[in-house]
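When the count follows the numbering used here, it moves up by one through the sequence shown with no breaks and lands on 332 for the last residue. No residue lacks a Cβ here, since even glycine has one placed at the ideal position from N, Cα and C. What you are looking at is a predicted structure, and each value in this text was computed from that prediction instead of being measured. Down below is the structure, laid out as structure tokens.
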Amino acid sequence: MTRPTRQRDHDRQRVRDEDADETETDAEGVDAGELDPEDFDPEELTRTADGELIHEESGLIVEEEQIDPGPEWRAFNHSERQSKSRVGAPTTKTMHDKGLTTTIDWKDKDAYGRSISSKKRSQMHRLRKWQERIRTKDAGERNLQFALSEIDRMASALGVPRSVREVASVIYRRALNEDLIRGRSIEGVSTAALYAACRKEGIPRSLEEISDVSRVDRKEIGRTYRYISQELGLEMRPVDPKKYVPRFSSELELSEEVQSKANEIIETTAEKGLLSGKSPTGYAAAAIYAASLLCNEKKTQREVADVAQVTEVTIRNRYQEQIEAMGIHG
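Structure (structure tokens):
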């Protein structure tokens, strides 16, 4: 005897519902909704071509909101890439607005290169003036604009790479956000930020060199640098005198042999504890002076002192200490 049609349909529906419930649990019978992504073994996770991170066993998508910053077009050589590109320069911390504002050109010509009328010229002049005024909406932005232009000017004068300017700009922005500028000059803090950036990037410049291009004196730069370094937790390591050797040797037109000998003197004497508490520039200058004598490429103490911006007395004192530690009799 067959069961009624309604009963058969009900049984089939019950079986389908049970199958659907089973698919929602993993192989071990754990509900997929109860899984915690932090408990997954990293070896069980797979990254797909679309940037999704999937747990293979349960099928759970751990990460999916991946933004592709690349272009949607393809290019196979430099000229194609240039012609297809539709963006401007990348954002930079060295500008107060990160380079995102527009500027009105000073050419006084239209899109076709034709000269514009005098009426239009006066109108464009007025627009430019207001464009410059509204770029900085408050005192804080004006402060930042002036400080970053100072950093840019000093970095150009020192001949340091762009990475140092970026780091200096980030340090200054942090100091501004932490309200460390209050009661100090903008020039002092921007100079201290540049000095800190040079040390961070391993391109050391002495306080004397920094103060030469700055509008504040050496004492204020040192005092401000120590303050922002402590407040921002910059964790600066002592400068290695060997970092100064290539630059000083190049300015004195000394050979590679002198440079390697100077580095050897610094390493040997530093191991004996002579470097502690000494100025790295003076220490490097004395090592170069000693190396130039040993390699028969003699330079006077005055010449070395001028390049390193230290006194001849400093060089004499460090030189005596170094040759005694090396066991050389001068």
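- Look at the beta carbons and you see the region 174-185 touching the region 229-243: at least three pairs across the two are nearer than 8 Å.
- When the Cα atoms are used, Arg144 and Ala327 turn out to be separated by approximately 54 Å.
- For the pair Arg137 and Asp154, the CB atoms are not nearer than the 8 Å cut-off.
- In its chain, beyond the 5 residues on either side, Ala327 have a beta carbon closer than 7 Å to the beta carbon of Lys274.
- Cβ-Cβ distances below 8 Å link Ser192 to Ala149, Leu150, Glu152, Ile153, Met156, Ala170, Tyr174 in the same chain, with the five nearest sequence neighbours on each side left out; the list follows chain order.
- Sequence-distant partners of Tyr321 (beyond 5 residues in either direction) whose C-beta falls short of 7 Å from its own C-beta, in its chain, are Ala288, Tyr291, Ala292.
- With respect to the 8 Å criterion, Ala264 and Gly284 are not classified as neighbours on the basis of their beta carbons.
- Sixteen is the threshold: since fewer than 16 other Cβ atoms of the shown chains lie within 10 Å of the Cβ of Phe78, the residue is exposed.
- Pairwise C-beta distances place the region 249-259 out of contact with the region 217-227, as fewer than three of them are shorter than 8 Å.
- For Thr94, the three-state secondary structure derived from DSSP is coil.
- Comparing C-alpha distances from Lys100 to each of Lys111, Gln147, Ile56 shows the shortest one belongs to Gln147.
- Among the bridge pairs identified by DSSP, Ile183 is matched with none.
- Counting only runs of 3 or more residues that sit fully inside the region 107-134, no beta strand (DSSP E) segment turns up.
- Counting only residues of its own chain and dropping the five nearest sequence neighbours on each side, Arg83 has a CB closer than 7 Å to the CB of Ala77.
- DSSP places Leu256 outside any alpha helix (DSSP H), giving it a letter other than H or E.
- The beta carbons of Glu46 and Glu54 sit no closer together than 8 Å.
- Just measuring C-alpha positions, the residue of Arg130, Asp181, Ala194, Glu203 sitting nearest Ser165 is Glu203.
- For Leu276, the CB contacts under 6 Å within the same chain, skipping 5 residues up- and downstream, are Glu323, Ala327 in chain order.
- Taking 8 Å as the cut-off, the Cβ atoms of Glu58 and Thr48 count as close.
- Residues of the same chain with a CB within less than 8 Å of the CB of Glu211, apart from the 5 flanking positions on each side, are Leu160, Gln311 in chain order.
- Residue range 62-65 is occupied by the beta strand (DSSP E) that includes Val64.
- With a cut-off of 8 Å on Cβ pairs, the region 184-200 is not in contact with the region 244-253, counting fewer than three such pairs.
- Across the set Gly142, Asp43, Trp108, the C-alpha of Trp108 shows the shortest separation from the C-alpha of Gln133.
- In this structure, the beta-carbon distance from Glu189 to Arg217 falls below 8 Å.
- Residues of the same chain with a CB within less than 8 Å of the CB of Ile118, apart from the 5 flanking positions on each side, are Asp110, Lys111, Asp112, Met126 in chain order.
- For a cut-off of 8 Å, the C-beta gap from Val241 to Pro282 is around 4 Å, short enough to register as a contact.
- Positions of the alpha helix (DSSP H) runs, each at least 4 residues long and wholly inside the region 187-217, are given as 188-202, 209-215 in order along the chain.
- Burial is judged here by how many other beta carbons sit within 10 angstroms of a residue's own beta carbon; Arg304 has fewer than 16 and is exposed.
- Where Arg225 is concerned, the enclosing alpha helix (DSSP H) starts and stops at 220-234.
- In the DSSP secondary-structure assignment, Arg49 is bridged to Leu55.
- According to the DSSP assignment, Ser294 belongs to the alpha helix (DSSP H) that extends over 282-296.
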